[in-house]
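Here the structure is laid out as structure tokens; the discussion comes afterwards.
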Amino acid sequence: MAAVTSVGETPAPTAASRPRGMHARRRRRLNIFRYVVFTVFGLFFLLPLLAMLRFSLEGSKLGTWSLTAWKEIASYQNTGIPPLLSAIEITLELAVITSVVTLVLLVPTMIWIRLRVQWLERTVEFLCTLPLTIPAIVLVVGVGPIYNRIQHYSLSALMLFWIYVILALPYAYRALAAGLGAIDVKTLSEAARSLGASWFTVMVRVISPNMRQGILNALLLTFALVLGEFTIAFLLLYEDVLQPELYNISRSTPNAGVIFSTSFAALLFAFVLLLILSYAGRRRRGRG
Amino acid sequence: MTSSSVTRTRDGAARAAVEVRLEGLSRHYGPVVALDHLDLTLQPGELIALLGPSGCGKTTTLRLLAGLEDADTGQITVAGRDITHVSAAKRDMGMVFQAYSLFPHMTVRQNVAFGLRLRRVGTADRDKRALEMLDLVGLSVQADRYPHQLSGGQQQRVALARALAIEPQVLLLDEPLSALDAKVRAQLRDEIRRIQLEVGITTLFVTHDQEEALAIADRVGVMKDGRLEQLASPTEVYSRPATSFVAEFVGLSNRLAGEVRGGEVIVRGCKLPLVEQDTPDGQVVALVRPEAVSLASRAPESGTGTGTGTGSGPLTGTVIAITFLGATSRVTVDLGDTRVMAQLPTSEASALSAGSRVVLAIRPDPVLVSADSHPAASAAGEDA
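Listed in order, the protein sequences are those of chains Y and D. Following numbering that gives the first Met the number 0 from start to finish, the first sequence increments by one per residue and tops out at 287. Following numbering that gives the first Met the number 0 from start to finish, the second sequence increments by one per residue and tops out at 383.
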């Protein structure tokens with residue numbers, strides 16, 4: 000039936016045309032908002048990075064360009080502090096050890112809790128996220144006596160992994176919990192068990208491969224945390240890892256270019272790692 | 000009956016179908032009794048469907064048999080061997096789950112071969128067997144796909160192939176069709192039965208869908224509150240239900256007030272035989288199947304036939320609803336003090352309309368009576 004419109008009355012837009020017009024306007028506004036947000040945040044993050052990069056490429060005269068600071072990463076050594084390259088090596092080793100220990104500790108524990116003792120899940124989640132709420136200085140005061148004892152046996156900065164594992168727990172836990180939550184752990188494990196798999200096989204060959212994205216994310220977060228950690232290493236007097244080393248260089252050298260080139264390289268490394276891990280995860284999703 | 004009978008696999012190898020015995024099986028979850036001293040024997044090569052409402056204990060029974068849970072009391076024997084305390088991994092049972100359970104990171108072929116790999120079967124034999132099993136379920140061309148590339152029905156067929164690949168002694172099916180749409184469900188249901196008969200494996204099938212249970216099982220076990228109410232052939236469960244619960248749960252029943260007198264029950268003037276001949280005289284509620292009720296649009300010439308009423312008698316009423324079910328239709332008739340459902344061929348039902356006056360006739364099938372229920376709710380039960 001045709002709609003009746005009295006004289007002088009504005010006809011109401013048709014049901015079909017009104018939403019389309021509204022949608023188009025709304026979409027346009029949303030797009031503008033999106034670009035503004037993207038640009039502001041892009042500038043917020045990129046400007047300091049670009050400034051770092053520019054500073055690290057500054058030549059001996061103002062306004063000139065030079066790769067000296069980048070070349071110095073491999074050879075830089077100043078009196079009273081260990082070589083920069085060895086600090087980078089130790090930090091990378093520390094990142095690998097921390098990541099491996101965190102995953103070895105958390106992955107089986109979390110799978111086991113999900114499968115067999117689900118009532119413990121909340122408690123473990125609370126314990127794992129607890130380090131996030133404790134300031135680094137408090138942690139250092141707490142673990143100070145323990146590190147005194149550890150340093151009695153070994154002065155290696157690699158011993159920092161004990162506390163780094165604790166620091167990484169909240170991030171790794173959340174990443175792994177997300178990975179675990181994305182699969183039907185109970186059904187998969189029961190299916191594997193009914194086919195004759197032991198609990199170890201269930202964990203290693205059935206559950207872990209399916210939470211690969213979560214494991215990769217946990218790995219990345221742990222790596223990034225170790226690469227950027229300064230406070231605890233510095234306060235526990237481990238000055239031969241990257242961040243305290245950079246701090247010491249900044250205090251002892253008139254040419255700060257090498258600090259910025261090294262920091263930028265560390266950031267770049269974390270970024271490349273993120274790209275690799277997300278690419279690996281995407282390939283997996285595409286396949287499985 | 001012997002404890003095992005020999006059937007043949009696709010490759011011609013002899014396989015012994017085994018007897019499964021559950022004796023006095025109980026399981027409690029805190030104060031809730033999930034299973035209450037259940038006794039059940041599956042004959043070699045037999046398919047038993049456990050049917051019942053949610054929480055009746057059917058899935059618990061299956062999980063206890065699979066070893067995924069431990070029984071509080073009781074014993075489970077397979078081919079005479081006590082496996083009550085054997086772990087799930089060593090029970091030699093194939094299981095298909097309600098949820099999709101294929102390993103997402105493995106191809107279809109790898110999924111099917113997984114159990115064989117655990118048994119250290121060589122790569123060539125493993126692949127051959129996996130393809131055989133996929134062929135059995137009609138999916139050999141999908142062997143190199145990943146589970147997410149398959150439909151729900153295909154995934155469940157692969158799960159069936161995976162369960163059978165290890166040549167288990169017993170096949171356990173835990174509502175494998177419930178996540179599928181109606182058409183695929185019916186197809187896969189028939190396929191499961193075909194494969195089960197072909198492989199000749201003793202099978203326990205758990206479902207809440209009575210149509211599924213009645214369609215493919217050798218025997219149907221109807222469960223309630225952790226106990227078996229009846230274990231019999233599908234025909235017997237439907238036509239001679241052992242209890243009023245079974246009568247109401249399996250198919251639809253009209254609940255009509257009647258009186259037992261001399262081994263018969265008189266329902267609105269109709270004399271109907273009893274399932275339980277020794278029912279004492281007295282007032283009861285008779286459970287009458289809708290398909291035992293027929294309708295005529297006008298009063299018959301004489302009311303002498305068994306179970307027919309007169310034009311103005313107690314079996315005369317008004318049609319208030321007609322539900323189209325496909326080949327049949329369900330007609331609800333208001334008799335004034337109660338309502339009765341009749342299931343008729345759609346061709347007959349189409350001659351009726353809401354408001355028509357009809358006369359009911361009740362076929363003299365043996366009926367079950369219940370003394371403890373009120374006839375006010377005239378129709379109960381689930382759709383068949």
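Ideal placement from N, C-alpha and C gives every residue a C-beta, glycine not left out.
query	result
Cβ of D:Ser-293 within 7 Å of any chain Y Cβ	no
For D:Arg-338: DSSP bridge partner residues	D:Asp-333
Residue-chain proximity (Y:Asp-183, chain A), Cβ-Cβ < 7 Å	Given the protein chain composition of this structure (Y and D), no chain A is represented.
Interfacial residues, the segment 146-162 of chain Y to chain D, with Cβ spacing under 9 Å	none
Residues near Y:Ser-207 by beta carbon distance below 8 Å, same chain, minus five either side	Val-106, Ile-110 and Ile-214
Short CB-CB distance (under 7 Å) between D:Gly-114 and chain Y	yes
Straight-line gap, Y:Asp-183 to D:Tyr-237 (C-alpha atoms, nearest Å)	37 Å
Neighbouring residues, chain D, relative to Y:Val-205 (Cβ below 7 Å)	Phe-102
Bridge-paired residues (DSSP) for D:Cys-269	D:Val-266
Chain D contacts made by the segment 184-195 of chain Y, where a contact means CB separation under 7 Å	Thr-186, Leu-187, Glu-189, Ala-190, Arg-192, Ser-193, Leu-194 and Gly-195
Closest Cα partner of Y:Ile-112 within the set Y:Tyr-172, Y:Leu-220, Y:Gly-58 and Y:Lys-70	Y:Tyr-172
Sequence-distant residues of its chain with Cβ nearer than 6 Å to D:Phe-96 (five each side left out)	Asp-173
Three-state secondary structure assigned by DSSP to D:Thr-40	strand
Assigned exposure category for D:Pro-365 - 16 Cβ within 10 Å defines buried	exposed
Residues from the segment 139-165 of chain D in contact with chain Y, defined by Cβ distance under 9 Å	Tyr-145, Pro-146, His-147, Ala-158, Arg-161, Ala-162, Ala-164 and Ile-165
Any C-beta of chain D under 7 Å from that of Y:Leu-179	no
Pair within 7 Å by beta-carbon distance, D:Leu-286 and D:Ala-246	yes
Three CB pairs or more closer than 8 Å across the segment 44-58 of chain D and the segment 201-218 of chain D	yes
DSSP bridge partner residues for Y:Glu-88 (one or two, in chain order)	Looking at the DSSP assignment, Y:Glu-88 forms no beta bridge with any residue, so it has no partner.
Test item: CB-CB of Y:Gly-195 and D:Gly-114 under 7 Å	yes
Any non-hydrogen atom of the ligand NAP closer than 6 Å to Y:Leu-83 Cβ	The model depicted lacks the ligand NAP and carries no ligand whatsoever.
Y:Ser-65 to Y:Ala-279 span [Cα, whole Å]	36 Å
Alpha-carbon to alpha-carbon, Y:Ala-191 and Y:Arg-53	56 Å
Buried or exposed by the 16-neighbour rule on C-beta atoms within 10 Å, applied to D:Asp-180	exposed
DSSP state of Y:Val-257 mapped onto helix, strand, coil	helix
Minimum Cβ-Cβ distance from D:Met-132 to chain Y less than 7 Å	no
Element boundaries [beta strand (DSSP E), containing D:Ser-315]	Before going on, a small fix: residue 315 of chain D reads as Thr here, not Ser. D:Thr-315 -> beta strand (DSSP E) spans 315-323.
Interface residues of chain D facing Y:Ser-197 [CB-CB closer than 8 Å]	Ala-88
Reference D:Ala-320, options D:Leu-314, D:Pro-344 and D:Ala-348, closest by Cα	D:Ala-348
Assigned secondary structure, Y:Val-271 (DSSP; H/G/I helix, E/B strand, else coil)	helix
Short CB-CB distance (under 7 Å) between D:Leu-67 and chain Y	yes
Opening and closing residue of the alpha helix (DSSP H) in which Y:Phe-125 lies	120-132
With 16 other Cβ atoms within 10 Å as the buried cut-off, status of D:Thr-331	buried
Start and end residues, beta strand (DSSP E) containing Y:Lys-60	Element bounds for Y:Lys-60: n/a, residue is neither H nor E.
D:Arg-218 vs D:Leu-230 beta-carbon contact at 7 Å	yes
Integer-rounded CB distance, given that Y:Met-51 should sit under 8 Å from Y:Ser-251	So it is not a contact: roughly 20 Å between Cβ atoms.
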